[in-house]
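Everything in the sequence shown is counted per this note's numbering, starting at 67 for the first residue and increasing by one.
Beneath this line is the structure, given in structure tokens, with notes to follow.
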Amino acid sequence: NFGEEYPNYPAFRLAREPISEVARPVSAMEAIRHIGGRQRTNLAITVLSGLNLLDDDERVKPLGSPYARYLLELLLAKGETLVVNHGEVIDQVAGGLQPIYKEAHFKLEPEWVAVVLLALVYDGHIVLNLGGTEELDAGTVERATVKAIADLSEFRFYKRPRSLPLVIWQQIFDGLGLQSGLLRDENERDGAVRTLQQLVQRELPDVVQLQAQVNRGFTLWNAPLFTDRLDLRSQDGTVVSHSALPGITLSTTDILPALRATKDFLEKLGRYNTAGKLRNLTITAAEAHDAINYRKQVDRIKKVVAVVDQLQAIASYLSEASVLLPAADPWVTEAQTLRRELLNALRAMAKGDATVSGATWQQTLEALKERYRTQYA
67 NFGEEYPNYP AFRLAREPIS EVARPVSAME AIRHIGGRQR TNLAITVLSG LNLLDDDERV
127 KPLGSPYARY LLELLLAKGE TLVVNHGEVI DQVAGGLQPI YKEAHFKLEP EWVAVVLLAL
187 VYDGHIVLNL GGTEELDAGT VERATVKAIA DLSEFRFYKR PRSLPLVIWQ QIFDGLGLQS
247 GLLRDENERD GAVRTLQQLV QRELPDVVQL QAQVNRGFTL WNAPLFTDRL DLRSQDGTVV
307 SHSALPGITL STTDILPALR ATKDFLEKLG RYNTAGKLRN LTITAAEAHD AINYRKQVDR
367 IKKVVAVVDQ LQAIASYLSE ASVLLPAADP WVTEAQTLRR ELLNALRAMA KGDATVSGAT
427 WQQTLEALKE RYRTQYA
């Protein structure tokens with residue numbers, strides 16, 4: 067019987083009924099769509115489970131499959147630059163008007179071979195050539211979801227992917243404060259990808275929000291933090307006066323390039339959401355170095371904003387108090403001096419030239435507030 071003749075053929079035990087020859091192409095495409103991230107269906111899980119391409123958490127992990135291991139070993143037995151051609155995997159076993167083709171070792175039909183190969187593509191083990199220059203790798207495997215199963219089954223060859231750019235990935239992980247050691251062990255790379263994507267999902271919205279805030283500008287103690295928006299007064303097209311220049315200047319153009327670069331960097335990293343895609347890194351070592359430095363600048367801006375938010379309430383109180391007193395009052399003079407020192411310190415911090423303690427300034431301003439209340443309230 068069939069079981070005796072083909073003892074290693076996949077059983078598809080989750081199927082309610084045997085998968086017929088007519089249903090096989092549709093079933094294979096359902097599994098391929100799942101591999102490509104399109105949808106999870108019971109039929110897709112049935113096929114992938116039958117081919118042993120899933121781990122215990124139903125993630126696509128082909129190295130647990132004897133079919134995937136066999137096809138991969140065909141490639142690994144060859145030299146680094148050699149490929150496995152279609153004819154080395156698929157044989158014609160019957161002729162006639164409708165020839166019958168089977169995989170030589172396990173007697174898999176070409177549709178099942180396509181599913182197994184695409185699982186290997188997804189996990190970063192091979193690159194599948196469909197003819198000419200059209201290739202599918204871990205970064206483009208989703209394109210398989212819109213192909214015809216016949217085109218996928220009639221692949222031209224498969225080959226080794228490019229090697230993992232481990233040094234650059236370690237540079238990126240170290241720069242982001244993540245555990246780069248996870249990258250060295252293939253069994254830990256899924257965890258490495260998860261930590262990377264968690265960071266991207268956490269930081270990217272913050273950077274987008276911060277970019278919008280910088281474009282709007284920050285105000286503290288009734289004064290703008292950025293100094294590129296001077297209060298200009300003109301007459302007959304000529305500037306006749308402007309607001310006083312601060313001791314330390316800070317322009318939005320000092321900040322926005324770092325925000326744009328960090329946003330772009332995080333968006334690029336967001337594409338590497340599977341271990342297989344790590345091989346397809348397009349960021350160079352120099353680009354990673356620059357991006358990490360830009361991110362440090364963004365972190366400084368976040369700290370500046372945190373101090374501004376912390377001091378906003380007390381600064382507003384002091385601003386209102388100043389209006390109630392004569393301009394020559396000693397308390398007003400002291401308040402103006404502290405206001406100038408605080409804004410200059412924050413601008414210097416944003417440029418990386420100083421650090422500002424929100425707690426220390428909170429105490430200083432609370433003391434100023436207390437002197438006002440003691441003397442005038």
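Here a beta-carbon is modelled for each residue, glycine too, at the ideal position from N, C-alpha and C.
The structure displayed is predicted, hence computed values, not measured ones.
message: Buried or exposed, going by whether 16 or more other CB atoms sit within 10 Å of the CB of Tyr72?
response: exposed
task: Between the Cα of Gln264 and those of Arg250, Gln279, Asn253 and Gly243, spot the shortest distance and give me the residue it belongs to.
output: Gly243
task: Could you please give the first and the last residue of the uninterrupted alpha helix (DSSP H) stretch that includes Val259?
output: Unbroken alpha helix (DSSP H) run through Val259: Arg255 to Arg282.
- prompt: Got a sec, what are the start and stop residues for the alpha helix (DSSP H) Asp240 sits in?
  reply: Leu232 to Leu242
task: With DSSP as the reference, please indicate the residues paired to Asp157 in a beta bridge.
output: Lys168
- request: Return the bridge partner residues of Glu200 from the DSSP annotation.
  value: Gly197
query: Which whole-angstrom value is the C-beta distance of Thr399 and Ala357, which I expect to be below 8 Å?
result: Actually they are not in contact, since the Cβ atoms of Thr399 and Ala357 sit about 46 Å apart, beyond 8 Å.
message: Contact defined as beta carbons within less than 8 Å: I believe Leu384 pairs with Leu325. What is the distance between those atoms, to the nearest angstrom?
response: Not a contact, Cβ separation roughly 30 Å.
query: From Val149 to Phe292, what distance separates their C-alpha atoms?
result: 59 Å
- request: Would you kindly report the start and end of the unbroken alpha helix (DSSP H) that includes Lys225?
  value: From DSSP, Lys225 is part of no alpha helix (DSSP H) but of the beta strand (DSSP E) over Phe223 to Lys225.
Closest residue to Arg222 among Ala204, Leu109 and Ala180 (Cα-Cα distance): Answer by Cα proximity: Ala180.
task: Report, in whole angstroms, the separation of the C-beta atoms of Ser246 and Phe239, which I expect to be a contact under 8 Å.
output: 4 Å
- prompt: Would you report the Cα separation of Ala214 and Leu262, rounded to the nearest angstrom?
  reply: 34 Å
task: Given a cut-off of 8 Å, decide if Phe331 and Leu366 are closer than it, judged by their beta-carbon atoms.
output: Residue identity differs from the one stated: residue 366 is Arg in this sequence, not Leu. In this structure, the beta-carbon distance from Arg366 to Phe331 does not fall below 8 Å.
message: By alpha-carbon positions, which one of Ser423, Arg255 and Ile380 ends up nearest to Leu344?
response: Arg255
- prompt: Under the three-state reduction of DSSP, which class applies to Thr426: helix, strand or coil?
  reply: helix
- prompt: Between which two residues does the alpha helix (DSSP H) harbouring Pro73 extend?
  reply: Pro73: not part of any alpha helix (DSSP H); DSSP gives it neither H nor E.
Proximity winner among Tyr136, Thr315 and Ala416, relative to Val374 (alpha-carbon distances): Ala416
message: In the DSSP output, which residue or residues are listed as bridge partners for Pro290?
response: Note: Pro290 is bridge-paired with Thr285 in the DSSP secondary-structure output.
- request: Just grab the DSSP bridge partners of Asn151 for me.
  value: Phe223
query: Taking Cβ to Cβ, would you say Val23 is nearer than 8 Å to Lys225?
result: This structure gives no information on residue 23, because the portion of the chain shown stretches from 67 to 443.
message: By the three-class DSSP mapping on this structure, what secondary structure does Leu316 have?
response: Of the three classes helix, strand and coil, the one that applies to Leu316 here is coil, per DSSP.
- prompt: What's the call for Tyr133, buried or exposed, on a 16-neighbour Cβ count within 10 Å?
  reply: buried
task: Please classify Asn67: is it buried, with 16 or more other beta-carbons within 10 angstroms of its beta-carbon, or exposed?
output: Note that Asn67 scores a pLDDT of 49, beneath 50, so its modelled location is shaky and nothing firm can be said.
- request: Can you give me the Cβ contacts of Leu276 inside the same chain, cut-off strictly under 8 Å, excluding the 5 residues immediately before and after it?
  value: Leu325, Val364, Ile367, Lys368 and Val371
Backbone CA spacing between Tyr338 and Gly205 [nearest angstrom]: 8 Å
field: Beta-carbon separation (whole angstroms), Gly336 vs Val266, contact threshold 8 Å
entry: 5 Å
- request: Note the first and the last residue of the continuous alpha helix (DSSP H) segment covering Arg405.
  value: DSSP places Arg405 in the uninterrupted alpha helix (DSSP H) bounded by Pro396 to Ala416.
Alpha-carbon to alpha-carbon, Phe172 and Val88: 20 Å
Assigned secondary structure, Leu80 (DSSP; H/G/I helix, E/B strand, else coil): coil
- prompt: Candidates Glu124, Pro231, Leu322 and Arg135: which alpha carbon is nearest Arg282's?
  reply: Leu322
message: Here's the rule: buried if 16 or more other CB atoms are within 10 angstroms of the residue's CB, otherwise exposed. What is Glu175?
response: Buried.
- request: To the nearest angstrom, report how far apart Arg82 and Pro76 are at their CA atoms.
  value: 15 Å
Ala289 versus Pro231 - alpha carbon distance: Between the alpha carbons of Ala289 and Pro231 lies a gap of roughly 48 Å.
field: Reduced DSSP category for Val88 - H, G, I as helix; E, B as strand; rest coil
entry: In the three-state reduction of the DSSP assignment, Val88 falls in the coil class.
message: Could you pull the DSSP bridge partners for Val126 from this structure?
response: DSSP lists Leu120 as the beta-bridge partner residues of Val126.
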